[in-house]
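To start, the structure under review is shown below, and the notes come after it.
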Amino acid sequence: MFKRSAADYVFDAVNILFFTLFTLLCVFPIYYLFINTISDNSLVQAGQVNLYPRGIQFDNYLALLNVGDLGNAAMVTVGRTLLGTVTMALTCALVGYLVTQNAMFGRKVIYRGIVVIMYFNAGLVPWYLNMSMLGLTNNFWGYIIPAIVQPFNVILVKTYVESIPGELQESAFIDGAGYLTVFGRIILPLCKPILATIAVFGAVMHWNSFMDSVILMGGDPNLYTLQHRLYLYLNKATNLGKLMNSGGSISEADVTSALNSRVVSLTVAMVTIIPILLVYPFMQRYFQKGIMLGAVKG
Amino acid sequence: MRKRALSSKAPLVILRFYIIAVCMSAFIPFLNPARVSGMISKNASLFTCAVSYSAIGDNFVRALSMGWISQGALTTAYIGALTGGLSVALLGAAFCLCFGNIKMCRLGVKLSALGALTGIAGMTVLRLAYNSFALTSRPDRVEPMLPVGIAAFWGLFGLMLIFSGAIWAAMPKAPEGAKYEMAPKYRLFLMMMPFLALVVLFAYLPLWGWRYAFFDYRAGFDLTMDNFVGLKWLRYLFSNPATRADIVRVLKNTFAMSGLGIATSWLPMTFAILLTEIRSNKSKRVIQTLTTIPNFISWVLVYSVAFAIFSTEGFLNWALASIGVIESGAGTNHLMSNTDIWLKMWAWGTWKGLGWSAIIYIAGISSIDQQLYEAATVDGAGRFQKMWHITVPGLMSTYFVLLLLSIANILTNGMDQYFVFFNPANRESIQVLDLFVYHLGLSGNTSYSIPLATLIGMMKSLISVTLLFMANKASALIRGESIV
Chain R
146 MFKRSAADYV FDAVNILFFT LFTLLCVFPI YYLFINTISD NSLVQAGQVN LYPRGIQFDN
206 YLALLNVGDL GNAAMVTVGR TLLGTVTMAL TCALVGYLVT QNAMFGRKVI YRGIVVIMYF
266 NAGLVPWYLN MSMLGLTNNF WGYIIPAIVQ PFNVILVKTY VESIPGELQE SAFIDGAGYL
326 TVFGRIILPL CKPILATIAV FGAVMHWNSF MDSVILMGGD PNLYTLQHRL YLYLNKATNL
386 GKLMNSGGSI SEADVTSALN SRVVSLTVAM VTIIPILLVY PFMQRYFQKG IMLGAVKG
Chain H
5 MRKRALSSKA PLVILRFYII AVCMSAFIPF LNPARVSGMI SKNASLFTCA VSYSAIGDNF
65 VRALSMGWIS QGALTTAYIG ALTGGLSVAL LGAAFCLCFG NIKMCRLGVK LSALGALTGI
125 AGMTVLRLAY NSFALTSRPD RVEPMLPVGI AAFWGLFGLM LIFSGAIWAA MPKAPEGAKY
185 EMAPKYRLFL MMMPFLALVV LFAYLPLWGW RYAFFDYRAG FDLTMDNFVG LKWLRYLFSN
245 PATRADIVRV LKNTFAMSGL GIATSWLPMT FAILLTEIRS NKSKRVIQTL TTIPNFISWV
305 LVYSVAFAIF STEGFLNWAL ASIGVIESGA GTNHLMSNTD IWLKMWAWGT WKGLGWSAII
365 YIAGISSIDQ QLYEAATVDG AGRFQKMWHI TVPGLMSTYF VLLLLSIANI LTNGMDQYFV
425 FFNPANRESI QVLDLFVYHL GLSGNTSYSI PLATLIGMMK SLISVTLLFM ANKASALIRG
485 ESIV
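These protein sequence lines are chains R and H, in that order. Here this note's numbering is used: the first residue of the first sequence is 146, the next is one more, and so on. Here this note's numbering is used: the first residue of the second sequence is 5, the next is one more, and so on.
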């Protein structure tokens, strides 16, 4: 052990203080959200719930069951997350494997063509008109199909497959295995860690995705995602709140509705955050692996 | 010998390109042979009509209930479109088989003839569908029309049938006992094809939409040479004072927000260096886990957090009231203000992303050779000297790459954040380029909204790519290694 100087002690103290504060800053808002949803609603409205929950109850969560359009939104979100993640992960694994095969006709051009789309897009309006031409607006598949091939994930898999000794594949080819057999029997099992990484990335992306619901599904409220619904509730709460502040003429029902919207919004937000918080600690190492591998290839 | 092999391949190559052309025509709305009525969307292609019945059927709910048209006519039209789709699928299969050995090629040519036949049948059915549409008692409400696509596809398929037949007759027979085989390079290519098609469909096909920037286009209208206006919108963009003012304002916001991000791009690196200075591994892990959480909640959720804290009934007003800055109950909704929006947006971005962006540097620090630190310790270097002379230079390369990338992305702020925080009060200072294009193109409803939004998006893409290219070159010059 080396000796610590006074400056060291001061530095350590300041450092620890800084990180404690920043960590609190990251966690407190979510905690605040949480205690507001489980406390007595009248205390919440009076602004009495700020540091710890008071009058704990879970009625708000039960009440969500009665908010009609939420069940639908939850189903859409869960559906797209499951289906989107599975199709994306398997496809990116296969594509990532295929682009490592030097024998492929036009391999370089194809690989570059896939990577380039990370940095280049036609713009929002042409994209929207294209989606509409393909019949993917107001259509559940509009969430899934365009998100199947993810260039970044393809790069991750490619880098990973390249680190697997080539002899494994060669010996299988000599034994008469085809490309798909080699992929299914050798590459896929070896790729489990990277597969988990891209699956986690994909699941979070689908779960959090919001603009595609706003842009593509505008005509069919049955296809709104949970995040989109939450946004609408928040807006409603803000607008009614603004009306009250400006002293505009509003009915008793509006006031109740505004407060209700607030509570509903916060509860929905909590319901949307909780799944992420639950899986996050287990998935953290996969995220980190992903970003480090990605760093290799910028 | 070699020359013969080459010449026998040529018709097959032509056939392959021909098939691609036919398959692509199935995606062009103008050539849609299933548009047997003016009621069917102008934007629907044969493909769309084949995959979903609603592309045809949804337009006739009223006509059907009023008896202006029979269910049979609709079904016929749909069967026609479906058959057309099937023929395209068959042609696709034929396309693939034509990459194989002779035996496989023969099968492919047979299949392409079959596909052409199916297509002809499909077009005939569509023609019949048109006939029953034309029988309607209310032509003004059903708008029967004979699409150009029927004749066009008839021609295309007929030509293909003849061509396939000719190739079939001219092609040598496969040797006795030959197997279906294909060279690995084509096998791999074909395995890649479906995914390549997805990439083309969703990333490259939209480029075709750039043409809207050169037309007088409004949603639902046609693109014809009549409303081709060339560079009118480009001139409009710079000559119309209102749009020019908008663009200047939006660019100011964009550069301000990107600029704040770039100016503070050293934060994650500092965060990482300071974090690794914490001695306890356990607290390091806990801090890292907790500070990366915000990165995984969406912007809507960040907004709901902001809403909980900064709205009228939120935490901030309580805190201000309890220390006596404002009177209890006199708080306002802080999200509805236009002050310091740039800084606020930067702060939210940093709150969300700092812990996450630091990970890459933490990984970088752990890959620095430990011997450097040991040697420095022996030489009597202190803690800060080691940080400054070993850790920082060790991370510079990563920092440089990320800095170049963020400069290349200066026009792209992403939209989610600004979209959710946007409200009438902060409109002036929050509208970045991406959000502006959204507001203009998808919720605007003026005569110029779509062409102008397309034009701005197009210019943005071109500039971004140029910047990226330059960043790449700069990186190659300075570090001797390119980024992309």
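Even for Gly, the Cβ is constructed at its ideal location relative to N, Cα and C. None of the values given here were measured: they were computed from a predicted structure.
- Here Lys303(R) is buried. Its C-beta has 16 or more other C-beta atoms within 10 Å.
- Collapsing the DSSP output to three states places Phe426(H) in coil.
- Counted as a single uninterrupted DSSP element, the stretch harbouring Thr416(H) is not any alpha helix (DSSP H), since DSSP gives it neither H nor E.
- Between the alpha carbons of Thr236(R) and Val294(R) lies a distance of about 7 angstroms.
- Rounded to whole angstroms, the separation of the alpha carbons of Lys434(R) and Arg374(R) is 33 angstroms.
- Three or more beta-carbon pairs separated by less than 8 angstroms link the region 271 to 283 of chain R to the region 199 to 213 of chain H, which places the two stretches in contact.
- At a Cβ-Cβ threshold of 7 angstroms, Tyr256(R) and Val244(R) count as neighbours.
- Within the DSSP secondary-structure output, Pro148(H) pairs in a beta bridge with Ser41(H).
- About 5 angstroms separates the beta carbons of Gln246(R) and Leu192(H), which is inside the 8 angstroms limit, making them a contact pair.
- Residues of chain H with a Cβ closer than 8 angstroms to the Cβ of Met356(R) are, in chain order, Met419, Asp420, Phe423.
- DSSP places Pro272(H) in the uninterrupted alpha helix (DSSP H) bounded by 271 to 280.
- By the neighbour-count criterion, in which a residue is buried when 16 or more other Cβ atoms sit within 10 angstroms of its Cβ, Gly263(H) is exposed.
- Straight through space, the alpha carbons of Arg248(H) and Arg239(H) are spaced by roughly 11 angstroms.
- A straight line joining the alpha-carbon of Leu163(H) with that of Ser136(H) spans about 28 angstroms.
- Beyond the five residues adjoining it in sequence on each side, Phe203(R) comes within less than 8 angstroms, by CB distance, of Ile183 in the same chain, given in chain order.
- According to the DSSP assignment, Trp272(R) belongs to the alpha helix (DSSP H) that extends over 269 to 278.
- Leaving aside the five residues that flank Thr140(H) on each side, the residues in its chain whose CB is nearer than 6 angstroms to its CB run, in chain order, Trp72, Ile73, Val146.
- Interface residue (Cβ-Cβ distance to chain H less than 7 angstroms): Cys171(R) is classified as such.
- A direct Cα-Cα distance of roughly 12 angstroms separates Lys464(H) from Tyr264(R).
- Distance from the Cα of Ala367(H) is smallest, within the candidate group Thr336(H), Phe388(H), Tyr403(H), for Tyr403(H).
- Under the three-state reduction of DSSP, Phe265(R) is assigned to coil, being neither helix nor strand.
- Chain-order list of chain R residues neighbouring Asn47(H): Ser277, Met278, by C-beta distance under 7 angstroms.
- DSSP, read as helix, strand or coil, puts Phe285(R) in coil.
- DSSP places Phe219(H) in the strand class (E or B) of the three-state scheme.
- Runs of alpha helix (DSSP H) with 4 or more residues, each lying fully within the region 101 to 187 of chain H, are found at 106 to 138, 143 to 146, 152 to 174, listed in chain order.
- Counting the other CB atoms within 10 Å of its CB gives Trp270(H) a total below 16, which places it among the exposed residues.
- Of the residues Ile421(R), Ile309(R), Cys336(R), the one whose Cα lies closest to the Cα of Asn298(R) is Cys336(R).
- In the three-state DSSP reduction, Phe232(H) falls in the strand class (E or B).
- Residue environment analysis places Asn384(R) among the exposed positions, since fewer than 16 neighbouring C-beta atoms fall within 10 angstroms of its C-beta.
- Residues of chain H with a Cβ closer than 8 angstroms to the Cβ of Thr245(R) do not exist; the shortest Cβ-Cβ separation is about 10 angstroms.
- A direct Cα-to-Cα measurement between Leu211(H) and Ile291(H) gives close to 44 angstroms.
- A contact is defined here as three or more CB-CB pairs under 8 angstroms, and the region 350 to 362 of chain H meets this definition with respect to the region 293 to 302 of chain H.
- According to the DSSP assignment, Gly368(H) belongs to the alpha helix (DSSP H) that extends over 345 to 370.
- The C-beta distance from Thr416(H) to Ser341(H) rounds to 26 angstroms, too long to fall under 8 angstroms, and the pair is not in contact.
- The region 150 to 170 of chain H makes contact with the region 18 to 34 of chain H; the number of CB pairs closer than 8 angstroms reaches 3 or more.
- In this structure, Ala217(H) sits away from Met474(H), with a CB-CB distance that is not shorter than 7 angstroms.
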